[in-house]
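Just so we're aligned: 140 in the UniProt record's numbering is position 140 of the sequence shown, and the numbers increase by one with no gaps anywhere. Beta carbons: idealized from backbone N, C-alpha and C, even for Gly. First the structure, in the form of structure tokens, and then the observations on it.
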Amino acid sequence: MALGLLVADSGGATFNGRPYRDLPEPTRTVGAVLETAFHPARSGRNHLRVYCRAAGYPIARADEVLQQVGLADAGDRRAGGYSLGMRQRLALATALLGDPSVLVLDEPANGLDPEGIQWLRGFLRHLAHTEGRTVLVSSHLLAEVEQTVDRVVIVGAGRLVREGSIAELRAGAEGAGSVVVRSPEAGRLAGLLQGLGRHVELEDASRLVVTGTTTEEVGATAFAAGVELHELASRSSGLEQIYFQLTSGTEQYAAAPAGSATLQEVSR
């Protein structure tokens, strides 16, 4: 919708105050990666050179972006022989040809190995924080998103559910601010904390999860009562947990709980 490929029911998106279709040189303003499609017989370098000619960029720009995304040594290889992660890098290189101020990336980490994901995380943060670009990323890899982005937009059933920084989302999540404490006297400590009005869950015989409190309060309570502690740590809600809390009931296709399918259901 932001790029004009789908028509929104209402509202609109602009780049520097203009809809994408009205930008005089769109690829100099917005670089987009929506899919990884290349002619399999064309080398990565030639693929980029075609785009350079089409957009009016110097041919040398192809080698510059290959270097940027770590494909300089693979530029002469046929794109059809690239791994999925290499194709993702080539798509990102294509988006960078115009040196745009905005990047729109759909699942950019798809197919990358752990080293590639770490590289992408640092690269995107460099583009945003050091070079001052705006980077919009859509992804289902929430653990990776949590380590990369500054602000999150959560959408459920086509509607905006929540928007904010990771810290803001955590602050509003159920169970945020819980404390994990491990003690050989977990039962006695649980009673003391419940007496203070705190919600306490027993994870195992020695480990408690306490919500509505802080590590300072739990530590002080244990110290005053002479309760020995083996572990005391805060536990923040992860983005995946927050996502499921906020979008519960909006799933388009909800799977049955694991192990609940009957043989009859499976045979259908």
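**Cβ contact check for the region 48-62 and the region 81-100: 3 or more pairs under 8 Å** = yes
**Asked** alpha helix (DSSP H) containing R49: first to last residue?
**Response** 44-55
**Message:** With distance defined between alpha-carbon atoms, name the residue in P19, E146, L92 nearest to G4.
**Reply:** P19
**Nearest to L136 (by Cα), restricted to the options A143, V152, H199** = V152
**Prompt:** Helix, strand or coil: which one does DSSP assign to V153?
**Reply:** strand
**Prompt:** When burial is assigned at 16 or more other CB atoms within 10 Å of the CB, is I59 buried or exposed?
**Reply:** Counting Cβ neighbours within 10 Å, I59 comes out exposed, since fewer than 16 surround it.
**Item:** Buried or exposed (CB count within 10 angstroms, at least 16 for buried), G116
**Value:** In this structure G116 is buried. Its beta-carbon is surrounded by 16 or more other beta-carbon atoms within 10 angstroms.
**Item:** C-beta atoms of T36 and R87 nearer than 7 Å
**Value:** yes
**Message:** As a quick exercise: from E131, R125, E64, pick the residue whose alpha carbon is nearest that of Q147.
**Reply:** R125
**Item:** Exposed unless 16 or more other CB atoms sit within 10 angstroms - verdict on T214
**Value:** exposed
**Prompt:** Any idea which residues DSSP pairs V7 with across the strands?
**Reply:** Answer by DSSP bridge pairing: none, since V7 is not bridged.
**Prompt:** If L232 and V218 are in contact, beta carbons under 8 Å, what's the gap, nearest whole angstrom?
**Reply:** 6 Å
**Asked** Excluding sequence positions up to five away, which residues of its chain have a Cβ less than 7 Å from the Cβ of M1?
**Response** A8, A13
**Message:** Among A205, R198, S206, whose alpha-carbon lies nearest the alpha-carbon of G212?
**Reply:** R198
**Message:** Can you tell me whether E25 is buried or exposed? The criterion is at least 16 other CB atoms within 10 Å of its CB, across all chains shown.
**Reply:** exposed
**Request:** Would you check if there are 3 or more beta carbon pairs closer than 8 Å linking the region 60-71 to the region 101-109?
**Result:** no
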